[in-house]
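Input: a single structure, listed below in structure tokens.
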Amino acid sequence: MKYRNLGDIEFVNLLYTSTDSLDEEYLDEAQRRRETLVPLLCEVLENEKNYEWDGAGRWWSTVHAVQILGILGDARAMGALLTASAYADTHDLEWIWEALPECYAAIGTAAILPIRNAFRERMREGGTSLGAEMEGLWNLWEDHPESRQEIEEFFISLLKSDETPFDVKADIVADFSQMHRTDLKPFFEELFESGEVDLEVFTRDDMEEFYRGVKSTPVYRMDLRGFYGARESEARRAFLEREQEEQNQRDLETFLRDNVHRIGRNDPCPCGSGNKFKNCHLERAEEAARKYREEELRQEPARALREALYAERRSESEIRRFLARKGLTSLFSRLKESVLEAVLDPREESMKKRFWSYFNPLLEKIPFDDDEELKDFNGLFLEYYNAIAALYLHYPKEKEHLDA
Numbered sequence: 002m003k004y005r006n007l008g009d010i011e012f013v014n015l016l017y018t019s020t021d022s023l024d025e026e027y028l029d030e031a032q033r034r035r036e037t038l039v040p041l042l043c044e045v046l047e048n049e050k051n052y053e054w055d056g057a058g059r060w061w062s063t064v065h066a067v068q069i070l071g072i073l074g075d076a077r078a079m080g081a082l083l084t085a086s087a088y089a090d091t092h093d094l095e096w097i098w099e100a101l102p103e104c105y106a107a108i109g110t111a112a113i114l115p116i117r118n119a120f121r122e123r124m125r126e127g128g129t130s131l132g133a134e135m136e137g138l139w140n141l142w143e144d145h146p147e148s149r150q151e152i153e154e155f156f157i158s159l160l161k162s163d164e165t166p167f168d169v170k171a172d173i174v175a176d177f178s179q180m181h182r183t184d185l186k187p188f189f190e191e192l193f194e195s196g197e198v199d200l201e202v203f204t205r206d207d208m209e210e211f212y213r214g215v216k217s218t219p220v221y222r223m224d225l226r227g228f229y230g231a232r233e234s235e236a237r238r239a240f241l242e243r244e245q246e247e248q249n250q251r252d253l254e255t256f257l258r259d260n261v262h263r264i265g266r267n268d269p270c271p272c273g274s275g276n277k278f279k280n281c282h283l284e285r286a287e288e289a290a291r292k293y294r295e296e297e298l299r300q301e302p303a304r305a306l307r308e309a310l311y312a313e314r315r316s317e318s319e320i321r322r323f324l325a326r327k328g329l330t331s332l333f334s335r336l337k338e339s340v341l342e343a344v345l346d347p348r349e350e351s352m353k354k355r356f357w358s359y360f361n362p363l364l365e366k367i368p369f370d371d372d373e374e375l376k377d378f379n380g381l382f383l384e385y386y387n388a389i390a391a392l393y394l395h396y397p398k399e400k401e402h403l404d405a
């Protein structure tokens with residue numbers, strides 16, 4: 002009953018001052034005021050300043066507004082929730098991302114069309130992530146069997162659209178693969194062949210692994226009301242305190258490690274102890290700097306291989322898309338074979354053949370529009386070759402050829 006005497010504005014303003022201390026009684030009162038409260042909560046979400054990390058915890062107001070609107074399950078909130086999704090992506094508010102799929106599910110089938118429209122609008126604008134909306138549609142797919150065909154057809158239409166980003170297509174292929182939709186697998190193979198699936202997100206090997214794995218629907222469920230339970234609130238409070246303490250310690254240790262030779266031995270220690278640096282953190286900072294250098298050297302080969310793997314996937318996707326535009330999709334597999342041959346040939350053999358002789362018979366089959374297009378493709382092709390060479394630990398065997 003402690004909220005009954007507050008006006009609606011006063012009641013909503015508590016979101017700005019309570020940080021993470023709202024209780025279930027607040028939710029009950031919100032439910033009682035539903036008709037007048039929903040528009041006010043939407044206003045909270047439509048103001049981007051509320052999402053900023055200002056040191057005062059004002060951003061908690063947006064987390065609470067999303068959670069409460071989800072609990073209320075009112076379709077009037079759809080526009081504001083979609084706005085919250087975009088701002089949460091910009092300001093890195095994970096608790097909003099986590100809640101949104103369940104909020105959409107709570108609103109029900111009335112959420113489907115606004116989500117579909119948001120997909121198309123954000124893709125046209127090249128905007129923010131759509132992960133929460135995708136998960137929301139799958140939640141709705143699970144809750145409303147009568148809407149499953151509509152949702153599936155929408156996702157398939159995105160796969161067929163030239164406007165859909167390649168990373169979004171990769172996520173959709175992953176979701177259907179997780180569901181063991183073998184009827185769609187030939188279509189997915191075509192998408193991989195033409196470079197329509199972002200390989201940095203999802204590869205053919207990933208797809209095969211999903212089809213072999215446990216069949217499941219890619220839903221993301223959450224107990225919105227449970228977020229305000231005493232146990233959950235206390236667990237979050239302890240987690241945030243621990244995270245802050247650990248972050249402060251990491252920041253101090255990183256500062257000392259990186260500045261160990263810039264801090265005077267007789268200067269006050271930056272930790273605030275009041276002791277001289279030499280009598281406090283100097284020895285530990287020197288040891289941390291030494292271990293960091295050693296670890297950097299130890300990790301360098303693995304880091305180089307990871308970078309090569311990403312470069313291979315990125316350049317393969319772009320080459321496949323280029324060949325698809327030329328109607329030469331099947332040429333990629335032969336190009337890859339020629340790259341592997343060049344990489345794996347003994348050095349003496351490759352020097353006799355010369356670098357481009359491995360590829361020219363295939364490259365001559367590509368009708369380049371002009372010299373600029375040829376130059377761009379050759380640069381992309383060399384990026385792919387270098388990545389493959391690095392993965393086979395032969396790099397920089399052909400460096401003199403590539404620099405020539």
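Under this note's numbering, the residues of the sequence shown are numbered 2 to 405, in order. All C-beta atoms, glycine included, are put in the ideal place defined by N, C-alpha and C. This one's a predicted model, so the numbers in the text were calculated from it and none came from an experiment.
Inter-residue spacing [alpha-carbon to alpha-carbon] between residue i and residue j
i	j	result
Tyr293	Asn249	19 angstroms
Ala76	Lys170	28 angstroms
Glu313	Ala390	10 angstroms
Gln150	Arg123	23 angstroms
Met79	Tyr221	18 angstroms
Gln32	Ser86	23 angstroms
Phe369	Leu392	29 angstroms
Ser217	Phe177	9 angstroms
Pro187	Arg117	25 angstroms
Gly109	Glu233	26 angstroms
Pro146	Pro102	17 angstroms
Asn387	Ser358	16 angstroms
Asp372	Tyr311	28 angstroms
Tyr212	Ala175	10 angstroms
Lys354	Trp139	54 angstroms
Gly8	Glu36	14 angstroms
Leu192	Leu381	20 angstroms
Phe203	Leu141	24 angstroms
Glu308	Leu383	15 angstroms
Ala239	Gln245	10 angstroms
Lys3	Thr18	16 angstroms
Integer-rounded CB distance, given that residue j should sit under 8 angstroms from residue i
i	j	result
Leu94	Val64	7 angstroms
Leu73	Leu82	Not confirmed; about 11 angstroms, so no contact.
Glu53	Trp60	7 angstroms
Phe120	Leu159	7 angstroms
Leu253	Cys272	6 angstroms
Asp21	Arg237	6 angstroms
Tyr105	Gly137	3 angstroms
Residues sharing a beta bridge with residue i, DSSP
i	result
Pro269	Lys277
C-beta contact flag for residue i and residue j at 8 angstroms
i	j	result
Leu345	Leu363	no
Asp172	Met223	no
Leu329	Lys376	no
Arg125	Glu164	yes
Arg266	Lys279	yes
Arg322	Ser162	no
His333	Leu341	It should be pointed out that residue 333 corresponds to Phe in this sequence rather than to His. Cβ atoms of Phe333 and Leu341: not closer than 8 angstroms.
Arg258	Ala289	yes
Ser339	Phe356	no
Phe189	Met208	yes
Residue i Cβ short of 7 angstroms to the ligand FMN heavy atom set
i	result
Glu288	For the ligand FMN, the structure offers nothing, since it holds no ligand at all.
Q | At least 3 beta-carbon pairs within less than 8 angstroms: the region 313 to 320 vs the region 195 to 202 | A | Judged by Cβ distances under 8 angstroms, the region 313 to 320 makes contact with the region 195 to 202, as three or more pairs qualify.
Q. Pairing CB atoms from the region 94 to 107 with CB atoms from the region 176 to 185, are three or more of them under 8 angstroms?
A. No, they do not touch.
Q. Looking at C-beta atoms only, is the number of pairs between the region 140 to 160 and the region 107 to 116 that lie closer than 8 angstroms three or more?
A. Contact between the region 140 to 160 and the region 107 to 116 is present: 3 or more CB-CB pairs across the two stretches fall below 8 angstroms.
Q. Is the region 43 to 51 in contact with the region 21 to 29, if contact means three or more CB pairs nearer than 8 angstroms?
A. Fewer than three pairs of CB atoms, one per stretch, sit closer than 8 angstroms, so the region 43 to 51 makes no contact with the region 21 to 29.
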